[in-house]
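The next block holds one structure in the form of structure tokens; read it before the comments.
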Amino acid sequence: MANLPPPEKAQASKWYPFYHAAPPVGWLNDPNGFCWYKGEYHIFYQYHPHSVDWGPMHWGHSTSKDFCHWEHQPIALTPGALSEGHEWYDWDGCFSGCGVEFEGKLWLMYTSQRFNGPGGVNSSANPSGYNPSGSSGGGNVTERQCYAYSEDGIHFTKYEKNPVIDIPNDHPIIANIDFRDPKIWDHNGKYYCVIGNRIRDRSRTQIVLFESENFFDWTYKSVVAISKPDYSEGTMWECPGFAHFGDDYVMIISPQHVPPKGRFFHNIHQAGYMVGKLDYDQGVFTHGDFYTFDHGFDFYATTMMKHPDTGRYFIIAWMAAWQSPFPEQADGWTNLLTIPRELKMRDGKVLTVPPPEMEGLRKGSVSYENVTVDKPTKLDGVKGSVGELIVEVDPKEAFDIELRVGGSEELGNIEKTVFSYEPNERVMTLNRDLAGAGPKGTREVQFDPCDKLELRFFLDRSSIELFVNDGEYVMTTRTYPRTESDDIVFVPKNGKLVLSSVTYYDFLK
Numbered sequence: 009m010a011n012l013p014p015p016e017k018a019q020a021s022k023w024y025p026f027y028h029a030a031p032p033v034g035w036l037n038d039p040n041g042f043c044w045y046k047g048e049y050h051i052f053y054q055y056h057p058h059s060v061d062w063g064p065m066h067w068g069h070s071t072s073k074d075f076c077h078w079e080h081q082p083i084a085l086t087p088g089a090l091s092e093g094h095e096w097y098d099w100d101g102c103f104s105g106c107g108v109e110f111e112g113k114l115w116l117m118y119t120s121q122r123f124n125g126p127g128g129v130n131s132s133a134n135p136s137g138y139n140p141s142g143s144s145g146g147g148n149v150t151e152r153q154c155y156a157y158s159e160d161g162i163h164f165t166k167y168e169k170n171p172v173i174d175i176p177n178d179h180p181i182i183a184n185i186d187f188r189d190p191k192i193w194d195h196n197g198k199y200y201c202v203i204g205n206r207i208r209d210r211s212r213t214q215i216v217l218f219e220s221e222n223f224f225d226w227t228y229k230s231v232v233a234i235s236k237p238d239y240s241e242g243t244m245w246e247c248p249g250f251a252h253f254g255d256d257y258v259m260i261i262s263p264q265h266v267p268p269k270g271r272f273f274h275n276i277h278q279a280g281y282m283v284g285k286l287d288y289d290q291g292v293f294t295h296g297d298f299y300t301f302d303h304g305f306d307f308y309a310t311t312m313m314k315h316p317d318t319g320r321y322f323i324i325a326w327m328a329a330w331q332s333p334f335p336e337q338a339d340g341w342t343n344l345l346t347i348p349r350e351l352k353m354r355d356g357k358v359l360t361v362p363p364p365e366m367e368g369l370r371k372g373s374v375s376y377e378n379v380t381v382d383k384p385t386k387l388d389g390v391k392g393s394v395g396e397l398i399v400e401v402d403p404k405e406a407f408d409i410e411l412r413v414g415g416s417e418e419l420g421n422i423e424k425t426v427f428s429y430e431p432n433e434r435v436m437t438l439n440r441d442l443a444g445a446g447p448k449g450t451r452e453v454q455f456d457p458c459d460k461l462e463l464r465f466f467l468d469r470s471s472i473e474l475f476v477n478d479g480e481y482v483m484t485t486r487t488y489p490r491t492e493s494d495d496i497v498f499v500p501k502n503g504k505l506v507l508s509s510v511t512y513y514d515f516l517k
């Protein structure tokens, strides 16, 4: 186990977020168990508390009443070999799942891992616990679905009858390898659960559907969706879930290894959705094409919740990518989650919108209207690394918005994350080649803004999330600038740029 600093030192890192959920110390990846329970939002996450690297998966836990302020809670789930219970089924990790309130208790359904021989993450053959692919061990592991429950939402007990979904080795349809990430919902008096799966010969991936009359006894129903056989839709569909808007159902999935297509799918793994119809009688989802939620670098393993009182759907994702460098590891922590995003459907397309609750972070503000710039320009008060920037421009004009340019002439203005727009091609480009420490590269998205181009940025020390036109398109990235690199510069490309409006909200004042 690595020598980690105390949590207060890790959280003093210049890159540690102000308003995003992040681990108190150690490693974080996929969010889990997103739910509302006893007046609070709960988000859990894959967690290795003993190292800044991936290892035996625990469930970390944070809570919030408003989406703006997250409070660290005790570890919710610990692998069996590391806990007093010594549960045999999750010796090698407590992997992703969901959170559901049932009869007043908060229930977590999670994927347990048990390796079928030497090489498990808790074994002497793999002392570091490192898994470079983020997959489940290349076929040497059995995955099962298990429960844990809590009466206070903080302290959890593993269910005495675990595992509750256990697929035999000779099942004709479901392989118990790559069988993970359960998501439960209820419909017309029954409970349903979808689970990501890779078929036995590993040539395709599928989402399998289970049903239950009583929440505890689950029976297999169907393959609710399956990928094309040419790997064009990925090798493994992780983190499934269903939302519905009227008669339309939205299947949320995180496909691994989708091949690039034009400007799309240039990350190692994707997160997005398919729209269609769900036939409960047959257990079949008829759907259209896959669309990504985010066109930036760092967005994977989406988890979703439905608020039980309002019916609103929200998602959160892991703001990182497998095989990326993580400079914050030097400070004793790794990775963070995105802000919550509300799902909305417009004209058959799913939008991801910052919920109004995020406005609770706004403190000091400054605004401008109808400003014309003919050279690189900074506006008084539009400056900072923890805040929200809203810019509206004429979509017929080309421009760069440079975030966190070096804050002094002595620095040479060399650090910058650049968002550019080219009206003839209708392309927005994110460039982080000069964004400081960390990974480099560019991402693009092409769209027709019609008469409006509104850009809404959420900045939080080592992350930027851009929402275009009310969440029609989103670009997310980690950046690692120096502390003093917090300027914002507007750069015309063709002589001049008219800024219809600029508003900056500082979250720290």
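So for the sequence shown, the working numbering puts the first residue at 9; every next one is plus one.
The C-beta atom is built at its ideal place from N, Cα and C for all residues, glycine as well.
Cα-Cα separation, residue i to residue j
i      : j      : result
Gly146 : Tyr488 : With a pLDDT of 47 at Gly146, under the threshold of 50, the predicted position of this residue should be treated as unreliable, though the coordinate-derived value follows. Near 33 Å, if we compare the C-alpha coordinates of Tyr488 and Gly146.
Ser59  : Lys383 : 47 Å
Tyr167 : Asn275 : 37 Å
Pro457 : Cys102 : 44 Å
Lys351 : Met282 : Here residue 351 is Leu; the residue named in the question, Lys, does not match the sequence. So the two alpha carbons sit approximately 13 Å from each other.
Asp514 : Lys229 : 51 Å
Lys386 : Ala30  : 31 Å
Pro15  : Pro32  : 5 Å
Pro87  : Thr227 : 26 Å
Phe394 : Gln264 : The sequence shown places Val at residue 394, not Phe. Cα to Cα, Val394 sits roughly 32 Å from Gln264.
Ser262 : Glu246 : 5 Å
Trp44  : Asn222 : 21 Å
Ile323 : Ile422 : 35 Å
Asp160 : Tyr200 : 25 Å
Gly356 : Lys285 : 12 Å
Asn343 : Gln331 : 12 Å
Val482 : Gly242 : 21 Å
Pro316 : Gly372 : 33 Å
Asp441 : Tyr53  : 30 Å
Asn502 : Glu492 : 30 Å
Pro140 : Trp62  : Below a pLDDT of 50, predicted positions are generally treated as unreliable, and Pro140, at 34, falls in that range; the measurement from the model is reported next regardless. For Pro140 and Trp62, the distance between alpha carbons rounds to 8 Å.
Trp326 : Glu336 : 15 Å
Ser220 : Met313 : 20 Å
Ala20  : Arg469 : 12 Å
Asn432 : Pro268 : 23 Å
Asn124 : Trp23  : 40 Å
Lys302 : Thr484 : A quick correction: the sequence has Asp, not Lys, at residue 302. So the alpha carbons of these two residues sit roughly 7 Å apart.
Start and end residues, alpha helix (DSSP H) containing residue i
i     : result
Glu16 : 15 to 18
Terminal residues of the beta strand (DSSP E) in which residue i lies
i      : result
Leu467 : 461 to 468
Asp287 : 280 to 287
Thr425 : 424 to 430
Glu367 : That residue, Glu367, is in no beta strand (DSSP E); it is neither H nor E in DSSP.
Asp256 : 256 to 264
Gly249 : 244 to 253
Trp23  : First-last for Trp23: undefined, no H or E at that position.
Cys76  : Unbroken run through Cys76: none, as it is neither H nor E.
Cys106 : 102 to 110
Val401 : 394 to 401
Ile215 : 213 to 220
Pro348 : Here Pro348 belongs to no beta strand (DSSP E), and DSSP marks it neither H nor E.
Asn205 : 198 to 206
Asp178 : Careful: Asp178 lies outside any beta strand (DSSP E) and carries neither H nor E.
Gln153 : 149 to 158
Inter-residue CB distance, residue i and residue j (contact presumed, cutoff 8 Å)
i      : j      : result
Val426 : Asp408 : 5 Å
Gly479 : Leu359 : 4 Å
Glu340 : Leu114 : Correcting the residue type first, residue 340 is Gly in the shown sequence and not Glu. With a Cβ gap of about 30 Å, Gly340 and Leu114 do not count as contacting.
Gln153 : Ile83  : Contact doesn't hold; Cβ gap of about 20 Å is too wide.
Thr310 : Phe272 : In fact, because the Cβ distance is near 17 Å, the residues do not count as touching under 8 Å.
Lys191 : Gly249 : 4 Å
Leu411 : Ile347 : Between Ile347 and Leu411 the Cβ distance is about 17 Å, and since that is not below 8 Å, they are no contact.
Gly47  : Lys73  : 7 Å
Where residue i falls, given that 16 or more other Cβ within 10 Å makes a residue buried
i      : result
Glu151 : buried
Tyr118 : buried
His195 : exposed
Asp297 : exposed
Glu95  : buried
Leu467 : buried
His179 : exposed
Leu516 : exposed
Phe307 : buried
Ser375 : exposed
Gln290 : exposed
Leu305 : Per the sequence presented here, residue 305 reads as Phe, with Leu not at that position. Result: buried.
Asp209 : exposed
At least three beta-carbon pairs within less than 8 Å, the segment 181 to 197 to the segment 68 to 88: no
At least 3 beta-carbon pairs within less than 8 Å: the segment 172 to 181 vs the segment 100 to 114: no
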